[in-house]
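Here the protein sequences come in this chain order: E and F.
Quick note on this note's numbering: the first sequence kicks off at 1 and runs consecutively.
Quick note on this note's numbering: the second sequence kicks off at 109 and runs consecutively.
Note that the Cβ used here is the ideal one computed from N, Cα and C, for glycine as well.
Reading through the structure tokens given below for one structure.
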Amino acid sequence: MFDIPKEREVPFAGVTPAPVGEQPMMITGNWRTYRPVIDHEKCNLCMNCVIFCPDACWQLNEAEEEVVWNSKYCKGCLICVNECTTAALTKTYELDFEDGVVRLEKLF
Amino acid sequence: MAKEVTLSGCAAAAQAVKMAKVDVICSYPIRPYTAAMMELAKMVANGELDAEFIHGEGEHAQLSVCYGASAAGARTFTGSSGVGVTYAFETYSPISGARLPVQMMIADRTLDPPGDFGSEHTDAMSCRDQGWLMGWAETPQEAFDNHLINYRVGEDPRVMLPQFVCQDGYFVSHLPGKVTLPDQSQVDEFLPPYKPPHALDTKKPVSHGPQIRPDQGVIMDLQRAQAFLDVPKVIRGAIDDFNRIFGRRYSPFVEEYQTDDADVVFFIQGAHALTARHAIKHLRGKGLKIGLVKLRFVRPFPTEEVAEALSKFKAVGVVETSTSYGGAMRGGNLLHEVRAALYDAPKRPLTTSFMAGMGGEVIPLQEFYWMAEVLAKAVKDGRVGKYVYWVGFEQAA
Chain E
1 MFDIPKEREV
11 PFAGVTPAPV
21 GEQPMMITGN
31 WRTYRPVIDH
41 EKCNLCMNCV
51 IFCPDACWQL
61 NEAEEEVVWN
71 SKYCKGCLIC
81 VNECTTAALT
91 KTYELDFEDG
101 VVRLEKLF
Chain F
109 MAKEVTLSGC
119 AAAAQAVKMA
129 KVDVICSYPI
139 RPYTAAMMEL
149 AKMVANGELD
159 AEFIHGEGEH
169 AQLSVCYGAS
179 AAGARTFTGS
189 SGVGVTYAFE
199 TYSPISGARL
209 PVQMMIADRT
219 LDPPGDFGSE
229 HTDAMSCRDQ
239 GWLMGWAETP
249 QEAFDNHLIN
259 YRVGEDPRVM
269 LPQFVCQDGY
279 FVSHLPGKVT
289 LPDQSQVDEF
299 LPPYKPPHAL
309 DTKKPVSHGP
319 QIRPDQGVIM
329 DLQRAQAFLD
339 VPKVIRGAID
349 DFNRIFGRRY
359 SPFVEEYQTD
369 DADVVFFIQG
379 AHALTARHAI
389 KHLRGKGLKI
399 GLVKLRFVRP
409 FPTEEVAEAL
419 SKFKAVGVVE
429 TSTSYGGAMR
439 GGNLLHEVRA
449 ALYDAPKRPL
459 TTSFMAGMGG
469 EVIPLQEFYW
479 MAEVLAKAVK
489 DGRVGKYVYW
499 VGFEQAA
């Protein structure tokens, strides 16, 4: 028998509960090189980032009337930065952030 | 009552699949395996078999259909030959990684150089490291039996792995042989219904095949590696039950013929073992102490069983029917496995290999006689001259 540490166990055959808004067992945002950063002052809520993000990492918070970034699944592709109509989104090098991701400490 | 009939390997496979009460079949034509699908299509059309029969757009689609159907809880069957087998290559690891016991028949055909249709094991052997069980049948009877045995082993909760159930094209797939068809009640006793642990269910939804990270991938590799370590004991249990219920005498992994006093043996898998047995009878008539060791599963490779069986002899000639261009032994794949298995054995025989039956040619008795001469010479000289001989094209070294 192999000795697989408890915290590194993966569900049998990778089968996970569904449907879920987020898949907490399969966090995939730990290989970004750049992070999109929003300046809410410049954002006109055009929703381009929400529409174009291939991983649905931008969502509208209707109560706060602002778009919210989900760090857990953002791969740093920067499509949102490219599509932003007001230059509210810019890129910053991931490891310039104190919490910059290299590899998650905890898997799930 | 069990009854004896005459069937080709393809027809025998179809009968086994029918008696396994398969739920979903996905076909795409390529000879020689196609004949199995023709039989199954007739059974479904005639109402003898209650299964979904789906025409795939190609081999990749065949396997993808079975992937989905197996995830949904169906017992599935598909098959192919030659370049059809390699066309579906991308799907093999995801299916074994998903731990879905899809069963695929392979009736061997050469990989095109540029369009040979003979039988060679290279098509299936190229897929041997994808996490599927794999083994060959020598006769239509063994093909029939192997389909049932593989469903039982592959669907075992300790295993949950897909299976390549192989037979040589033409030599088994199209040559009729005697097959004892069992009673359905015997098959039902041996093979319980497929109970997947994660069948797709609208009331309990799950995701299959999610994106994972490298640090999760290694764990999934480990899960498959562990399953393969557990397979041998499941195979032993299944073979014991099979022999008891069907009255056969299979060894789980290696079968020996005329080995009690043998100095030299052929090591072989598949159809040509039949000719080898006859060659051995004639050679023994001339006083040569020769026997045969036949491999029944190449995945999982029965390392201990092969080492134990082969270390009894002075020389072993591995009859390859596949290519490993540029490989360590310059010939086929089996010698690699055999030599690796023997490396730590306290007593090692001389080993060499024979490229025979390549391109789908028959291996005539005369070629087996020649191979026996090479082995006898190796024993006399105390060494093998070469790792590999292309039989018919080289002198004994």
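- In the structure shown, E:Cys77 falls within a coil segment according to DSSP collapsed to helix, strand and coil.
- Secondary structure at E:Pro17: strand, using DSSP grouped into helix, strand and coil.
- The beta carbon of F:Ile471 lies closer than 7 Å to those of His380, Thr383, Ala464, Gly465 in the same chain, with the five residues before and after it left out.
- The C-alpha of E:Val50 is placed about 21 Å away from the C-alpha of E:Glu94.
- For E:Ile4, the neighbours in chain F by C-beta distance under 8 Å run, in chain order, Ile327, Leu330.
- For E:Ala87, there are no C-beta contacts with chain F under 9 Å, since the nearest C-beta of that chain is about 31 Å from it.
- In this structure, F:Ala206 lies near F:Tyr175, with their beta-carbon atoms less than 8 Å apart.
- The Cβ atoms of E:Cys53 and E:Cys80 lie closer than 8 Å to each other.
- For E:Met26, there is no enclosing beta strand (DSSP E), as DSSP marks it with neither H nor E.
- In the same chain as E:Ile38, and ignoring 5 residues on each side of it, the C-beta atoms closer than 6 Å to its own belong to Ala88, Leu89, in chain order.
- For F:Tyr497, the three-state secondary structure derived from DSSP is strand.
- A check of alpha carbon separations from E:Cys57 across E:Glu65, E:Glu7, E:Arg35, E:Asn44 identifies E:Arg35 as the nearest.
- Per DSSP, the unbroken beta strand (DSSP E) holding F:Phe161 starts and ends at 160-163.
- The C-beta separation of F:Met242 from F:Arg407 comes to about 4 Å, placing the pair in contact by the 8 Å criterion.
- Under the criterion of beta carbons closer than 8 Å, F:Gln275 and F:Ala245 qualify as touching, at roughly 5 Å.
- Sorting F:Gly239, F:Gly226, F:Ala182, F:Met233 by C-alpha distance to the C-alpha of F:Ser204 places F:Gly239 at the top.
- F:Pro221 is not a Cβ neighbour of F:Gly117, given a cutoff of 8 Å.
- It is roughly 26 Å from the alpha-carbon of E:Pro24 to the alpha-carbon of E:Asn48.
- Ranked by how close their Cα comes to the Cα of E:Asn44, the residues E:Ile4, E:Met26, E:Asp55, E:Glu65 have E:Glu65 in first place.
- Contact annotation for F:Ala206 against chain E: Ala13, Gly14, Val15 [CB-CB distance below 9 Å, chain order].
- Under a criterion of Cβ atoms nearer than 9 Å, no residue of chain E is adjacent to F:Gln275; the nearest Cβ is some 29 Å distant.
- Between the stretch 409-424 of chain F and the stretch 448-468 of chain F there are three or more inter-stretch CB-CB distances shorter than 8 Å, so the stretches are counted as touching.
- Sequence-distant Cβ neighbours of F:Glu364 in its own chain, meaning closer than 6 Å and more than five residues away, are Val401.
- Not one beta carbon of chain F lies nearer than 8 Å to the beta carbon of E:Asn70.
- Here F:Ile376 is bridged, per DSSP, to F:Lys402.
- Looking at the DSSP output, F:Met242 sits in a beta bridge with F:Phe272, F:Arg407.
- As the crow flies, the alpha-carbon of F:Gly355 is around 26 Å from that of F:Phe375.
- Taking a cut-off of 8 Å on C-beta distances, the stretch 303-323 of chain F does not touch the stretch 278-292 of chain F, as fewer than three cross pairs fall below it.
- E:Arg8 belongs to the set of residues whose beta carbon lies under 8 Å from a beta carbon in chain F.
- DSSP places F:Met127 outside any beta strand (DSSP E); the residue lies instead in the alpha helix (DSSP H), whose first and last residues are 117-127.
- By the rule that beta-carbons nearer than 8 Å mark a contact, F:Gly434 does not touch chain E.
- In this structure F:Ala177 touches F:Val132 by the C-beta definition: roughly 4 Å separates them, less than 8 Å.
- Sixteen is the threshold: since fewer than 16 other Cβ atoms of the shown chains lie within 10 Å of the Cβ of E:Glu62, the residue is exposed.
- Assigned with DSSP and collapsed to three states, F:Glu481 falls in helix.
- At the C-beta level, F:Tyr302 and F:Arg139 stay beyond 8 Å of one another.
- Contact annotation, F:Lys422 with F:Asp368: C-beta distance approximately 14 Å; criterion of less than 8 Å not satisfied.
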